[in-house]
Every structure is written in C-alpha cells, then in structure tokens.
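S.K.: Next up is a structure, given as structure tokens.
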DNA sequence: TGATTAAGTTGCAATGTGCAACCTAGTAGG
DNA sequence: CCTACTAGGTTGCACATTGCAACTTAATCA
C-alpha cells in the first residue's frame, strides 16, 4: 500500500506527462478548460453548456483552482456569483488544447470546429501545431530522434 | 437515458476535443502512448514499466487498437508475442504529447524529462510547441483572437 | 516432458461518476 | 420587510470504472 503510493509518486516526479495528467487528466477537466478558453466563467454556464453533473463540476473546478489552473474570484457587485478565470498556468495549456483539437478534427470528427483562433492583425487562422526545429522549420517524423539528455550538444 | 446518450453524442459530433478525449482521454491511455513513443511494444513491457494493472492494460490496448491508434501484430518468430505499434493516426498525436510534456516540465515537475526529441541532422533539441501564424512566426496571447468560422477571410 | 514465459481473463474490493433532491447566502420585486 | 428567486454549491444513493491478486492458455525452452 505504502509501496504502491510511493511508486506512483516516484513516477510523477520522473515523468512530466504523468504529472500533467495528474492535474488535468481527469474526466471533464479538459472540457471545462475548453469552456474557459471560450469565455465561460460561471458555475451555471459550465453546467448548462457542458451538461456535467453539478457535484462533479464542483469537484473539478475545486481541483483546477487548487492546482492553480483556474482562479476563483467572487464578484464584488453580486456576492452570490463567482468568476472562474484561467491563470497564466492555465492559459499556457493552449498548445495542448489546440493540438488535441486539431488531431480530433483531422482523424475523428472531420468537421472543422468552431470558433477558430486567428492572428488578430491579419485575421488569418493559426498554423497547425507541429514539431519544429530551433529556427522554426517544421520537422517531419523521419527527421526526429529520441536522445538521452546526457548526449545533448552543448 | 436515451436523451442523455443523445446529448453526449451530439457534443461529440460538434467538439473535436470531446471526440479526441473519447478515444485517448481515459486514465492510462496517454501514458501507454508515451511508452509507445519511447519504443515499448509488448504487453509485459508496458505492464512492468508503467506499473499498470494487467486487466486495465489489456482493456486500454484493446481500445487503442479499436480506435486505430495502435496496431496489433503477432510476432511471426514467437507466436506468444504481440507487438503493439503506433499507426500514423497514433504517431500524429506527437504534438499533443509534447505540448503536455512541456507544460508539465514548465509548471509542475520543473525537472527536464528524458529522453529528449532532437533534429536528427543537427542534434539540437526541438523548439517548444507554440501557437504560430501561417508563416511560422510565434504569436503571443494578446495577438490571438477567437473568431466565428463564418467570419473567416477567404 | 516439465518448467517458464507472453498475453491475457476472472473475482472481488475500493474508488469514481451521474442523477436528483436538498441547502444556504444573497438579490429582486412588491 | 417578506416573499420569491437565483448562484453556487452539498448530500444520498445507484451504477460504472479501477486496481489487485490469482488463475488460464498457448507457445517456447531446457
């Protein structure tokens, strides 16, 4: 039992993917974030647009706040209301969200989703998320290789 | 009940994030994929390196195969063995995996993870996953805007 | 032929999820 | 100022998912 927990924690320390999933990998968490990115802020908004059960929503919002991904700010003009807003840490999940969305669009739904993210200046859609080299050139899969960190160039 | 299911399906059709999560959002699925990207192929390899319960692993591998993310190929030289290998659809999840990993590295574990993905030619690490415009220029958050698809430029 | 290995399956206990009803503080209307 | 309503929860209970350990089955090895 203690062993099992220990093992789990050990993994979390080693693998940032496991660590990330620990905080945003639960069912509904990502969809809540998608909602937040699209402007949802209030409990009832999330509840009605996602159709999620109230107790689960309450639990997930609490965890996202605990983990510093959402901020929880009571509205000073109506003290019943609470605004949940993405923190910098939360906003930084945008590449994950976009990658996942583009993958889903390409391989599953085939229907382009809405709304769409554009460059404010040019009004043109952003590029697909892709692996690039340090100079920003797109890399194909056969140009990539896994390397042990110790063998990295200086 | 039928209503609820219908509503769910409706959402899946509309939102590619929900659709994507339906196939890769279950507990362990992403960690299995991480393993696959790092070269794991066999049941016992996944089981021992991830420490996942055998029945769950069996279930997840099955679902990933069903969804066309992993292929299941019996080894012709040892008919006990089965190789699970990423399909093109699976390999295309690399941006999602890398984004998530980089986010975890930046905001949670703070420890750089291993191994590292490099450009095979230059041996240099790939760039952080970022939102870019159509020409590959990185965009900051305040340069971005959500737009209804109907208002897109031609 | 007997031991070992790869890839599962099964039974059961613990945990997580979903629904509906309820609760509480604050606001709005008369 | 008293009643109704609203925002954001909590609670109780049924059902589904997860996790562990033991077992199975087919193939290979000694």
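Protein chains in written order, with the numbering used here: chain A, 89 to 242; chain B, 89 to 242.
Where a beta carbon is used, it is the ideal one built from N, C-alpha and C, also for glycine.
Model, not experiment: these values are computed from the prediction.
#1: Spell out whether any CB of chain B is found under 8 Å from the CB atom of residue 95 of chain A.
#2: How would you list, in chain order, the residues of chain A whose beta-carbon sits under 9 Å from the beta-carbon of residue 193 of chain B?
#3: So for residue 191 of chain B, helix, strand or coil by DSSP?
#4: Classify residue 189 of chain A: buried if its beta carbon has 16 or more other beta carbons within 10 angstroms, exposed otherwise.
#5: Using a 10 Å radius around the Cβ and a threshold of 16 neighbouring Cβ atoms, would you call residue 217 of chain A buried or exposed?
#6: Are there 16 or more other CB atoms within 10 angstroms of the CB of residue 93 of chain A, so buried, or fewer, so exposed?
#7: Would you kindly work out how many angstroms separate the C-alpha atoms of residue 240 of chain A and residue 215 of chain B, rounded to a whole number?
#8: Report the rounded CA-to-CA distance for residue 184 of chain B versus residue 135 of chain B, giving the unit in angstroms.
#9: Would you kindly work out how many angstroms separate the C-alpha atoms of residue 155 of chain B and residue 221 of chain B, rounded to a whole number?
#10: Counting C-beta neighbours from all protein chains within 10 Å, is the total for residue 187 of chain A 16 or more, i.e. buried, or is it exposed?
#11: Any beta carbon of chain B sitting closer than 8 Å to that of residue 154 of chain A?
#12: Quick check on residue 192 of chain B: buried or exposed, where buried means 16 or more other Cβ atoms within 10 Å of its Cβ?
#13: Determine the closest residue to residue 103 of chain B out of A:177, A:138, A:130 and A:110, with distance taken between C-alpha atoms.
#14: What are the residues that DSSP puts in a beta bridge with residue 160 of chain B?
#15: Which two residues bound the contiguous beta strand (DSSP E) that contains residue 227 of chain A?
#16: Check the Cβ of residue 210 of chain B against every Cβ in chain A and list those closer than 9 Å, keeping chain order.
#17: With a 10 Å radius around its C-beta and 16 neighbouring C-beta atoms as the bar for buried, classify residue 229 of chain B as buried or exposed.
#18: Name the residues in the stretch 129-155 of chain B whose C-beta lies less than 7 Å from a C-beta of chain A; which are they?
#19: Does DSSP put residue 240 of chain B in a helix, in a strand, or in coil?
#20: Which word fits residue 197 of chain A, buried or exposed, when buried means at least 16 other C-beta atoms lie within 10 angstroms of its C-beta?
#21: Apply the 10 Å Cβ neighbour rule to residue 150 of chain B and answer buried if 16 or more other Cβ atoms are within range, or exposed otherwise.
#22: In the DSSP output, which residue or residues are listed as bridge partners for residue 233 of chain A?
#23: Report the residue from B:237, B:164, B:122 and B:195 whose alpha carbon sits nearest the alpha carbon of residue 199 of chain A.
M.R.: With the structure as the only source:
#1: Translated into positions along the first chain, residue 95 of chain A becomes position 7. A caution first: residue 95 of chain A carries a pLDDT of 46, below 50, which makes its placement in the model unreliable, though a value can still be read off. Cβ-Cβ to chain B under 8 Å: yes for residue 95 of chain A.
#2: Your numbering for residue 193 of chain B matches position 105 in the second chain. Correct list: 104, 107 and 108.
#3: Along the second chain, one-based indexing puts residue 191 of chain B at 103. Three-state result, residue 191 of chain B: helix.
#4: Start at 1 with the first residue of the first chain, and residue 189 of chain A comes out as number 101. Result: buried.
#5: Sequence index remark: in the first chain, residue 217 of chain A carries index 129 (1-based). It counts as buried.
#6: Counting from one through the first chain, the residue named residue 93 of chain A turns up at place 5. Its pLDDT being 38, under 50, residue 93 of chain A is placed unreliably by the model, and the measurement read from it follows with that caveat. Its Cβ having fewer than 16 others within 10 Å, residue 93 of chain A is exposed.
#7: For this step, residue 240 of chain A is matched to residue 152 along the first chain. For this step, residue 215 of chain B is matched to residue 127 along the second chain. For residue 240 of chain A and residue 215 of chain B, the distance between alpha carbons rounds to 14 Å.
#8: Numbered from its first residue, the second chain carries residue 184 of chain B at position 96. Numbered from its first residue, the second chain carries residue 135 of chain B at position 47. If I take the Cα positions, the gap works out to 23 Å.
#9: Within the second chain, the letter at position 67 stands for residue 155 of chain B. Within the second chain, the letter at position 133 stands for residue 221 of chain B. Each residue's Cα considered, the two are about 31 Å apart.
#10: To locate residue 187 of chain A, count along the first chain from 1; it is residue 99. By the 10 Å Cβ count, residue 187 of chain A comes out buried.
#11: Taking the first residue of the first chain as 1, we reach residue 154 of chain A at position 66. By the rule that beta-carbons nearer than 8 Å mark a contact, residue 154 of chain A does not touch chain B.
#12: Locating residue 192 of chain B in the second chain gives position 104, where the first residue counts as 1. Residue 192 of chain B is buried by the Cβ-count criterion.
#13: Position 15 of the second chain, counted from the start, is the residue given in the question as residue 103 of chain B. Minimum Cα distance to residue 103 of chain B is reached at A:138.
#14: Locating residue 160 of chain B in the second chain gives position 72, where the first residue counts as 1. DSSP, once it has assigned bridges, lists B:172 as partnering residue 160 of chain B.
#15: Within the first chain, numbered from 1, the residue matching residue 227 of chain A stands at position 139. Looking at the DSSP string, residue 227 of chain A is not in any beta strand (DSSP E), and its letter there is neither H nor E.
#16: Within the second chain, numbered from 1, the residue matching residue 210 of chain B stands at position 122. Those are 221, 222 and 241, listed as they occur along chain A.
#17: For the purposes of this step, residue 229 of chain B is identified with residue 141 of the second chain, where counting begins at 1. With fewer than 16 Cβ atoms within 10 Å of its Cβ, residue 229 of chain B is classed as exposed.
#18: 139
#19: Your numbering for residue 240 of chain B matches position 152 in the second chain. It is coil, neither helix nor strand.
#20: Your numbering for residue 197 of chain A matches position 109 in the first chain. When all chains shown are included, residue 197 of chain A counts as buried.
#21: Within the second chain, residue 150 of chain B is the residue found at index 62, counting from 1. Residue 150 of chain B is exposed by the Cβ-count criterion.
#22: Residue mapping note: residue 233 of chain A aligns to position 145 of the first chain, counting from 1. Residue 233 of chain A is bridged to B:206.
#23: Translated into the one-based positions of the first chain, residue 199 of chain A becomes position 111. Nearest option by C-alpha distance: B:237.
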